[in-house]
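So the structure is just underneath, and the comments pick up after that.
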């Protein structure tokens, strides 16, 4: 059972560089989301998707793009990295459209922007 | 919008001590409530949940009761172990789409 797989685990970027954080799930979950985790801030929702071809913004979407071409994959793109984007990023998925559906998380990507 | 407030941490306890981590929520209606745990270097894992008022979620000796009158979902454990050392997050479900709102997390350290 792979669950939610994130790559890479660690990444260092220079300001202005671009990169894509990968996320894949093998549970046939309709709903996928990206969170960032910062000290003292908990987890904040960046973008989410309710199914292939459908995405929407969360609480802190600026500087990030997403797309959902398949049910399995939900990549997060940083077009021009900034030091403020230094964080730990988590991808998550869930199976239902009810508020009681728990999230399944990947192990995270630790990103440092210098 | 919805919000979740957790007690400030970190919390340091000796093994076998009693644990309480407070969590209160503000929401329209009565969302499902969750506790997640994050061990070092890992993602969050669901610890327990409650979907309606007076529900009690429990797992691995942890418990939390959904109190509508106080809008609270405090996490408790009667006797903590060193292996319980982790970060604990309280979360409230939105109307749909897996959009949980999380508290800021509480770091728990248990010493032998």
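Protein chains in written order, with the working numbering: chain W, 1 to 114; chain Z, 1 to 112.
No residue lacks a Cβ here, since even glycine has one placed at the ideal position from N, Cα and C.
Nearest residue (CA-CA) to residue i, options the options
i: residue 69 of chain W; options: W:55, W:63 and W:59; result: W:55
i: residue 102 of chain Z; options: Z:112, Z:110 and Z:87; result: Z:87
i: residue 26 of chain Z; options: Z:83, Z:68 and Z:41; result: Z:68
i: residue 52 of chain W; options: W:2, W:85 and W:75; result: W:75
i: residue 65 of chain Z; options: Z:23, Z:84, Z:81 and Z:85; result: Z:23
i: residue 30 of chain Z; options: Z:73, Z:12 and Z:20; result: Z:73
i: residue 6 of chain W; options: W:44, W:32, W:41 and W:84; result: W:32
i: residue 21 of chain Z; options: Z:59, Z:15, Z:52 and Z:63; result: Z:63
i: residue 79 of chain W; options: W:61, W:3 and W:71; result: W:61
i: residue 43 of chain W; options: W:18, W:105, W:95 and W:83; result: W:105
i: residue 77 of chain W; options: W:9, W:34, W:71 and W:95; result: W:34
i: residue 90 of chain W; options: W:2, W:23 and W:71; result: W:23
i: residue 4 of chain W; options: W:16, W:19, W:30 and W:111; result: W:30
i: residue 65 of chain W; options: W:94, W:9, W:71 and W:19; result: W:19
Chain W within 7 Å of residue i, Cβ atoms only
i: residue 44 of chain Z; result: yes
i: residue 62 of chain Z; result: no
i: residue 9 of chain Z; result: no
i: residue 102 of chain Z; result: yes
i: residue 166 of chain Z; result: Any answer about residue 166 of chain Z is impossible in this case: the structure gives chain Z only from 1 up to 112.
Contact test: residue i Cβ vs the ligand MN heavy atom, cutoff 6 Å
i: residue 57 of chain W; result: Only the bare structure without any ligand can be found here, which leaves the ligand MN out of the picture.
Residue i vs residue j beta-carbon contact at 7 Å
i: residue 38 of chain Z; j: residue 90 of chain Z; result: no
i: residue 100 of chain Z; j: residue 35 of chain Z; result: no
i: residue 81 of chain W; j: residue 13 of chain W; result: yes
i: residue 102 of chain W; j: residue 46 of chain Z; result: yes
i: residue 58 of chain W; j: residue 48 of chain W; result: yes
i: residue 3 of chain Z; j: residue 93 of chain Z; result: no
i: residue 37 of chain W; j: residue 88 of chain W; result: yes
i: residue 107 of chain W; j: residue 43 of chain Z; result: yes
i: residue 105 of chain Z; j: residue 18 of chain Z; result: no
i: residue 49 of chain Z; j: residue 57 of chain Z; result: yes
i: residue 107 of chain Z; j: residue 10 of chain Z; result: yes
i: residue 80 of chain Z; j: residue 112 of chain Z; result: no
i: residue 113 of chain W; j: residue 83 of chain W; result: yes
Counted within 10 angstroms of its Cβ, other Cβ atoms place residue i as buried (16 or more) or exposed
i: residue 28 of chain Z; result: exposed
i: residue 26 of chain W; result: exposed
i: residue 109 of chain W; result: buried
i: residue 54 of chain Z; result: exposed
i: residue 85 of chain W; result: buried
i: residue 14 of chain Z; result: exposed
i: residue 110 of chain Z; result: buried
Closer than 7 Å to chain Z by CB, residue i
i: residue 10 of chain W; result: no
i: residue 102 of chain W; result: yes
i: residue 107 of chain W; result: yes
i: residue 115 of chain W; result: Because chain W is modelled from 1 through 114, residue 115 of chain W falls outside the range shown and cannot be assessed.
i: residue 43 of chain W; result: yes
i: residue 74 of chain W; result: no
i: residue 40 of chain W; result: yes
**Request:** Could you pull out every unbroken alpha helix (DSSP H) segment of at least 4 residues lying fully inside the region 52 to 81 of chain Z, listed in chain order?
**Result:** If we require 4 residues or more, the region 52 to 81 of chain Z turns out to have no alpha helix (DSSP H) run fully inside it.
**Request:** Identify every run of the beta strand (DSSP E) within the region 21 to 77 of chain W, keeping only runs that are complete inside it and at least 3 residues long; order them along the chain.
**Result:** Those beta strand (DSSP E) runs which fall completely within the region 21 to 77 of chain W and span 3+ residues are 31 to 38, 42 to 51, 54 to 57 and 64 to 66.
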